[in-house]
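Visitor: With my numbering, you'll find the sequence shown wraps up at 1105, consecutive numbering, no jumps.
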Amino acid sequence: MDDEKKLIILVDDNLANLQAGTNVLEEKYAVATAPSAAKLFNLLENNNPDLILLDIEMPEMNGFETIKALKAKPETRNIPVIFLTGKTESDNELGGLSLGAIDYITKPFQPPLLLKRIEVHLLMEEQRKTLEAQRGTLEKQAVELKNFNNNLQKMVEEKTKNVLDLQDVLLKTMAEMVEYRDDITGGHIERTQRWVKILLDQLEKSEFYQTEKNDWDVELLLQSCQLHDVGKISIGDNILKKPGKLDVDEFEEMKKHTAVGEEIIGRIEELTKESDFLKYAKIFAASHHEKWDGTGYHKGLKGNDIPLFGRIMAIADVYDALISVRPYKEAFSHEEAVKIILEERGKQFDPVLVDLFLEVSKEFNL
Ligand SMILES: [Fe+2]
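#1: Could you have a look at D741 and say whether DSSP puts it in helix, strand or coil?
#2: Does the stretch 847-859 come close enough to the stretch 761-777 to have 3 or more Cβ pairs within less than 8 Å?
#3: Does ligand 1 have even one heavy atom less than 7 Å from the beta-carbon of H1028?
#4: On the three-pair Cβ rule with 8 Å, is the stretch 1022-1035 touching the stretch 941-953?
#5: Should I928 and A914 be called a contact, given that it needs their Cβ atoms to be closer than 8 Å?
#6: Would you say Y1019 and L960 are within 8 Å of each other, going by their C-beta atoms?
#7: Measuring straight from C-alpha to C-alpha, what distance separates L861 and F822?
#8: Determine the closest residue to E799 out of A777, D789, N781, with distance taken between C-alpha atoms.
#9: With A773 as the anchor, note down where its beta strand (DSSP E) starts and where it stops.
#10: On the three-state DSSP scale, how would you describe I1004?
#11: Identify every run of the alpha helix (DSSP H) within the stretch 965-1031, keeping only runs that are complete inside it and at least 4 residues long; order them along the chain.
#12: Taking 8 Å as the threshold (C-beta atoms), are E1008 and K994 in contact?
#13: When DSSP labels each residue in this structure, what does P813 get in the three-state scheme?
#14: Hey, quick one: how far does the alpha helix (DSSP H) through D904 stretch, first residue to last?
#15: With D968 and D907 assumed to form a contact (beta carbons below 8 Å), what rounded beta-carbon distance in angstroms separates them?
#16: Which residues bound the alpha helix (DSSP H) around D1094?
#17: Sort out for me which residues DSSP pairs D794 with in a bridge.
#18: Opposite V750 in the DSSP bridges: which residues?
#19: Is the closest heavy atom of ligand 1 to the C-beta of H1037 under 7 Å?
#20: Grouping DSSP H, G and I as helix and E and B as strand, with all else coil, what is Y1058?
#21: Consider the C-beta atom of D1056 and the heavy atoms of ligand 1; say whether any pair is separated by less than 7 Å.
#22: From which residue to which residue does the alpha helix (DSSP H) around I937 run?
#23: Give the single residue among G970, E896, S1026, L749 whose Cα lies nearest to the Cα of Q1087.
#24: Where DSSP assigns a beta bridge to I844, which residues make up the other side?
#25: Spatial neighbours of K744 within its chain, please: CB distance less than 6 Å, with the 5 preceding and 5 following residues excluded, ordered by chain position.
#26: State the start and end residues of the unbroken alpha helix (DSSP H) segment that holds E958.
#27: Report all residues from its chain with a CB closer than 6 Å to the CB of L939; omit the five preceding and five following residues, and keep chain order.
#28: Taking the alpha-carbon positions, what's the F1023 to F887 distance?
#29: Could you name the residues that DSSP lists as bridge partners for R1084?
#30: Per the contact definition of three or more C-beta pairs closer than 8 Å, is the stretch 1045-1053 in contact with the stretch 982-994?
#31: Looking at the secondary structure, which residues open and close the alpha helix (DSSP H) in which K952 lies?
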């Protein structure tokens, strides 16, 4: 049946050639003929041939001009063109191929050779179309996969953000609960967080404690330092809200807040997979009252045995206590507080950290 056959358009101004070509081709293919380029373009308005056999030497529009016009239009660009040439000069052949023809056949042609070459080209064209379709499918799948990945990434980012937001809110609530019971003037947690940040930033810029700085996460440290006094939750109001200085026994009771804080965070740590945040929080809670000379509490650690973050919080905590009003004392000025911390260099505080504190102490007073 003709409609199952592939369509070939034969273009030649020589009617005898058209007839000869048709005779050879029509057994295997549907054949349409055009005696000029103009007729070819007429035919192309309603037909989409599988191949065009195009004569080069034609009056008016020759084969080269015709193929240029075919290649210039998107709807005819991909139709394979084979030139029919009466000449044998290689210039012609090369010229035709460079314009986009897939082959050339010299006239007068030998029917079996013509049929074979057409068959090969049609087969190649079919394979090209299959590959193109497969490439199209692959490209589409790649785009779909990329979109899927992007969406997944967005979902993960959103979920992670939600978890971090929740963590932040819970943390602030815990810290505020302690502050509400303990702090008369308020703002201790926020201020110490600010002092810790200034000290961490200065330490980061310095040459000191490189090993400790290798894998620290400043953002997480600043979040977790808010829990340094969480153990005060266990201390009675009679001590926390006492409008005067604590006596020896009361102070001993108060000192328990570092061990209790360490224990509370340790228990949360056992119940969750969270690691760094709670690890830092536990260090802040447990070691912020240790002293460089070993006279602090609750473990009585000395020097570099005291975790670095505890030593940092010790300076921030004491500075804040000094500049704040207490029921039993007035607030010290910034300058007095700096002087007292300097006096404790190498006694209560890590000397390296006191030096760094002195470099940035002006920022504490902004
Ligand atoms: Fe404390």
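Cβ atoms here follow ideal geometry from the backbone N, Cα and C, with glycine treated the same way.
Just so we're clear, the structure is a prediction, and the values are computed from it rather than from any experiment.
Guide: If we stick to the structure as given:
#1: Counting from one through the sequence shown, the residue named residue 741 turns up at place 2. Bear in mind that the predicted position of D741 carries a pLDDT of just 47, short of 50, making it too unreliable to give a figure here.
#2: Three or more beta-carbon pairs separated by less than 8 Å link the stretch 847-859 to the stretch 761-777, which places the two stretches in contact.
#3: Counted from its first residue, the sequence shown places residue 1028 at position 289. Because some heavy atom of ligand 1 lies under 7 Å away, the Cβ of H1028 counts as near it: yes.
#4: When Cβ pairs closer than 8 Å are counted between the two stretches, the stretch 1022-1035 is seen not to touch the stretch 941-953, the count staying below three.
#5: Residue 928 sits at position 189 when you count from the first residue of the sequence shown. Residue 914 sits at position 175 when you count from the first residue of the sequence shown. The Cβ-Cβ distance between I928 and A914 falls below 8 Å.
#6: Here residue 1019 refers to the residue found at position 280 of the sequence shown. Here residue 960 refers to the residue found at position 221 of the sequence shown. If you check the CB distance, Y1019 and L960 come in under 8 Å.
#7: Here residue 861 is taken as the residue at index 122 of the sequence shown, counted from 1. Here residue 822 is taken as the residue at index 83 of the sequence shown, counted from 1. Rounded to the nearest angstrom, the two C-alpha atoms are 15 Å apart.
#8: Taking the first residue of the sequence shown as 1, we reach residue 799 at position 60. Of A777, D789, N781, the residue nearest in Cα terms is A777.
#9: Here the question's residue 773 lines up with position 34 in the sequence shown. Taken as a continuous stretch (DSSP letters only), the beta strand (DSSP E) holding A773 covers 769-773.
#10: Position 265 of the sequence shown, counting from 1, holds the residue named residue 1004. In the structure shown, I1004 sits in a helix (DSSP, three-state: H, G or I).
#11: Fully enclosed alpha helix (DSSP H) runs of 4 or longer: 976-979, 987-1010, 1015-1026.
#12: Reading the sequence shown from its first residue, position 255 is the one you call residue 994. Reading the sequence shown from its first residue, position 269 is the one you call residue 1008. Contact flag unset, no.
#13: What you label residue 813 is simply residue 74 of the sequence shown in a count that begins at 1. Residue state, collapsed to three classes: coil.
#14: By 1-based counting over the sequence shown, the position of residue 904 is 165. It spans 850-921 - the alpha helix (DSSP H) in which D904 sits, taken as one unbroken run.
#15: The sequence position of residue 968 within the sequence shown is 229, counting from 1. The sequence position of residue 907 within the sequence shown is 168, counting from 1. Between D907 and D968 the Cβ distance is about 18 Å, and since that is not below 8 Å, they are no contact.
#16: Here residue 1094 refers to the residue found at position 355 when the sequence shown is read from its first residue. Note, D1094: alpha helix (DSSP H), 1090-1103.
#17: On the sequence shown, position 55 is the one that residue 794 refers to. Note: D794 sits in a beta bridge opposite L823.
#18: In the sequence shown, the residue the question calls residue 750 occupies position 11. Paired residues: A773, L793.
#19: For the purposes of this step, residue 1037 is taken as residue 298 along the sequence shown, with counting starting at 1. At a threshold of 7 Å, H1037 does not count as near ligand 1, since its beta carbon sits no closer than that to any of the ligand's heavy atoms.
#20: Position 319 of the sequence shown, counted from the start, is the residue given in the question as residue 1058. In the displayed model, Y1058 falls within a helix according to three-state DSSP.
#21: Walking along the sequence shown from the start, residue 1056 turns up at place 317. Yes, ligand 1 has a heavy atom inside 7 Å of this Cβ.
#22: What you label residue 937 is simply residue 198 of the sequence shown in a count that begins at 1. For I937, the enclosing alpha helix (DSSP H) stretches over residues 927-944.
#23: In the sequence shown, residue 1087 corresponds to position 348, counting from 1. It is S1026.
#24: For the purposes of this step, residue 844 is taken as the residue at position 105 of the sequence shown. Beta-bridge pairing links I844 to L823.
#25: Here residue 744 is taken as the residue at index 5 of the sequence shown, counted from 1. Hits under 6 Å: Y768, A769.
#26: Along the sequence shown, one-based indexing puts residue 958 at 219. Where E958 is concerned, the enclosing alpha helix (DSSP H) stretches over 957-963.
#27: Here the question's residue 939 lines up with position 200 in the sequence shown. Excluding positions up to five away in sequence, the list reads V957.
#28: Stepping through the sequence shown from its first residue, residue 1023 is reached at position 284. Stepping through the sequence shown from its first residue, residue 887 is reached at position 148. Straight-line Cα distance between these residues: approximately 42 Å.
#29: The residue you call residue 1084 lines up with position 345 of the sequence shown. For R1084, DSSP records a beta bridge to F1088.
#30: Touching, no.
#31: Looking up residue 952 in the sequence shown gives position 213. Per DSSP, the unbroken alpha helix (DSSP H) holding K952 starts and ends at 949-952.
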